[in-house]
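Written below as structure tokens is the structure these notes are about.
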Amino acid sequence: MIEFINVEKTYGNNVKALQDINLKIDQGEFVAIIGLSGAGKSTLIRCINRMHDITGGSLIVDDIDVSSLRGKEVRKFRKRIGMIFQSFNLVTRTSVLKNVLVSFVPELPFWRKLTGVFSKEHKTKALTALDQVGILDKAYVRVDQLSGGQQQRVALARTLAQNPDIILADEPIASLDPVTAKQVMNDFKRINEEMNITVIINIHHVEIALEYANRIIGVRDGKVVFDGKSAEVTEEV
Ligand code: ADP
Ligand code: ADP
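The number in our numbering is simply the position in the sequence shown, starting from 1, with 17 added.
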């Protein structure tokens, strides 16, 4: 479970990006965070894996006080949390398979990172993850030969290969056309339902959020202004 208790985030420039956030998100939920640009969605998501440090309150993930983690502990904690970005963050001039294998790099000895030698076990894990998002046939294709939707699936496979409990996705469909966006949302939905992975997505397409997520959290000026089932959402949010 992810629990925000009176969480605040004030950036160095005194911008209060989050104020008074109280939320509980259970394992296996599919949550969409909606709100206008600048509302605090990205900050909210990025506090969960300590990409940002909160400045007040506490944030607890499965009994771990996230703010108390130091150095190595942060890295270990982040392994359980997959992160997906709008910009995919892939190495475009190399193969799909290598991009997924990169998720194992932190646990490989240095010489292996240099030579790009991976164990059979890692390769099998990577191929399984590609299969889970329906792009196994693209394993040996260079990333820059793929469409945007396919690239986002590679990013999703790279995340799945680490066996995360939670996937955070910061505007994952913002740069995709509507048809591709829905395919990617279907992948998230399937992963959420079949693997019981908690999925938390920032999204500004309200209709798509309502169609796929089970729970909607509306954010405005750094505060939660709505939290409920998709069916309860009104135009006001
Ligand atoms: P959203 O994801 O909803 O667009 P953000 O979380 O990115 O909102 O931003 C919330 C507020 O915090 C905005 O006013 C934004 O300008 C500010 N902000 C975001 N990141 C930083 C940062 N690194 N330093 C200072 N202010 C920031
Ligand atoms: P956006 O596309 O939302 O602007 P970026 O692509 O700029 O986000 O990514 C923000 C930063 O986070 C980058 O420097 C990236 O390398 C880093 N990053 C990537 N993956 C992770 C992760 N799993 N945990 C923490 N930081 C990450």
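Glycine is no exception: its CB is placed at the ideal position from the N, C-alpha and C atoms.
So does lysine 58 have its beta carbon nearer than 6 Å to some heavy atom of ligand 1? Result yes, Cβ under 6 Å from ligand 1.
Mapping DSSP to helix, strand and coil, what is glycine 166? Note: glycine 166 maps to helix in three-state DSSP.
Among Lys41, Lys33, Gln168 and Arg92, the one whose alpha carbon lies nearest that of valine 78: By alpha-carbon distance to valine 78, the top candidate from Lys41, Lys33, Gln168 and Arg92 is Lys41.
Quick check: alanine 174 and valine 108, are their CB atoms within less than 7 Å of each other? Going by C-beta atoms, alanine 174 is not nearer than 7 Å to valine 108.
Any non-hydrogen atom of ligand 1 closer than 6 Å to asparagine 213 Cβ: Not under cutoff, so the answer is no.
Throw me the rounded Cβ distance for the lysine 206 and phenylalanine 47 pair, which I believe falls under 8 Å. Under the criterion of beta carbons closer than 8 Å, lysine 206 and phenylalanine 47 qualify as touching, at roughly 7 Å.
Is valine 24 near ligand 1, judged by its Cβ being under 6 Å from some heavy atom? Short note on valine 24: C-beta not closer than 6 Å to any heavy atom of ligand 1.
Check each candidate in Asp238, Ala248, Arg232 and Glu249 and name the one with the smallest Cα separation from isoleucine 50. Distances from the CA of isoleucine 50 to each of Asp238, Ala248, Arg232 and Glu249 were compared; the closest alpha carbon is that of Arg232.
Quick one: residues in its chain with C-beta nearer than 7 Å to the C-beta of lysine 142, no 5 flanking neighbours on either side, listed in chain order? Taking C-beta separations shorter than 7 Å and ignoring five residues to either side along the sequence, the partners of lysine 142 in its chain run Ala178, following chain order.
Report the residue from Ile208, Arg63, Lys140 and Arg110 whose alpha carbon sits nearest the alpha carbon of glutamate 188. Among Ile208, Arg63, Lys140 and Arg110, the Cα nearest to that of glutamate 188 belongs to Arg63.
Would you check whether ligand 1 has a heavy atom nearer than 6 Å to the C-beta of serine 84? Distances taken from the Cβ of serine 84 to the heavy atoms of ligand 1 include none shorter than 6 Å.
Could you please give the first and the last residue of the uninterrupted alpha helix (DSSP H) stretch that includes asparagine 116? Unbroken alpha helix (DSSP H) run through asparagine 116: 113-118.
Could you tell me whether any non-hydrogen atom of ligand 1 is closer than 6 Å to the CB of alanine 30? This sequence places asparagine at residue 30; alanine is not what is there. It does: the Cβ of asparagine 30 is within 6 Å (strictly closer) of some heavy atom of ligand 1.
Is DSSP giving isoleucine 190 helix, strand or coil here? DSSP places isoleucine 190 in coil when its eight states are reduced to three.
At the level of alpha carbons, what is the spacing between glutamine 36 and aspartate 238? Rounded to whole angstroms, glutamine 36 to aspartate 238 spans 9 Å at the Cα level.
Just checking my contact of alanine 198 with isoleucine 190 at CB under 8 Å: how many whole Å lie between their CB atoms? Rounded, the Cβ-Cβ distance is 4 Å, consistent with contact.
Give the straight-line distance between the Cα atoms of phenylalanine 200 and glycine 166, rounded to the nearest whole angstrom. Reading off the sequence, residue 200 comes out as glutamine, not phenylalanine. Those two C-alpha atoms are separated by around 8 Å.
Give the single residue among Lys115, Ala146 and Met202 whose Cα lies nearest to the Cα of arginine 8. No answer is possible for residue 8: it lies beyond the span of the chain, which begins at 18 and ends at 254.
I'd like the list of long-range same chain contacts for lysine 58, defined as Cβ closer than 6 Å, with 5 residues on each side in sequence excluded. Scanning its chain for C-beta atoms nearer than 6 Å, with the 5 sequence neighbours on each side dropped, one finds around lysine 58 the residues Ile50, Gly52, Asn219 and Val236, in chain order.
In this structure, how does DSSP classify methionine 202 when only helix, strand and coil are distinguished? Note: methionine 202 maps to helix in three-state DSSP.
Can the beta-carbon of glutamate 25 be found less than 7 Å from the beta-carbon of glycine 55? Annotated as distal: glutamate 25 and glycine 55, with beta-carbon spacing of 7 Å or more.
To the nearest angstrom, report how far apart arginine 97 and phenylalanine 121 are at their CA atoms. The alpha-carbon atoms of arginine 97 and phenylalanine 121 are separated by roughly 13 Å.
Let's test the definition: count the other Cβ atoms within 10 Å of the Cβ of arginine 87 and tell me whether it reaches 16, buried, or not, exposed. Around the beta carbon of arginine 87, fewer than 16 other beta carbons lie within 10 angstroms, which makes this residue exposed.
Local Cβ density within 10 Å of asparagine 66, reported as buried at 16 or more and exposed below that: Sixteen is the threshold: when 16 or more other Cβ atoms of the shown chains lie within 10 Å of the Cβ of asparagine 66, as they do, the residue is buried.
Taking only three categories from DSSP, how would you classify asparagine 225? The sequence shown places isoleucine at residue 225, rather than the asparagine named in the question. Isoleucine 225 falls in the helix class under three-state DSSP.
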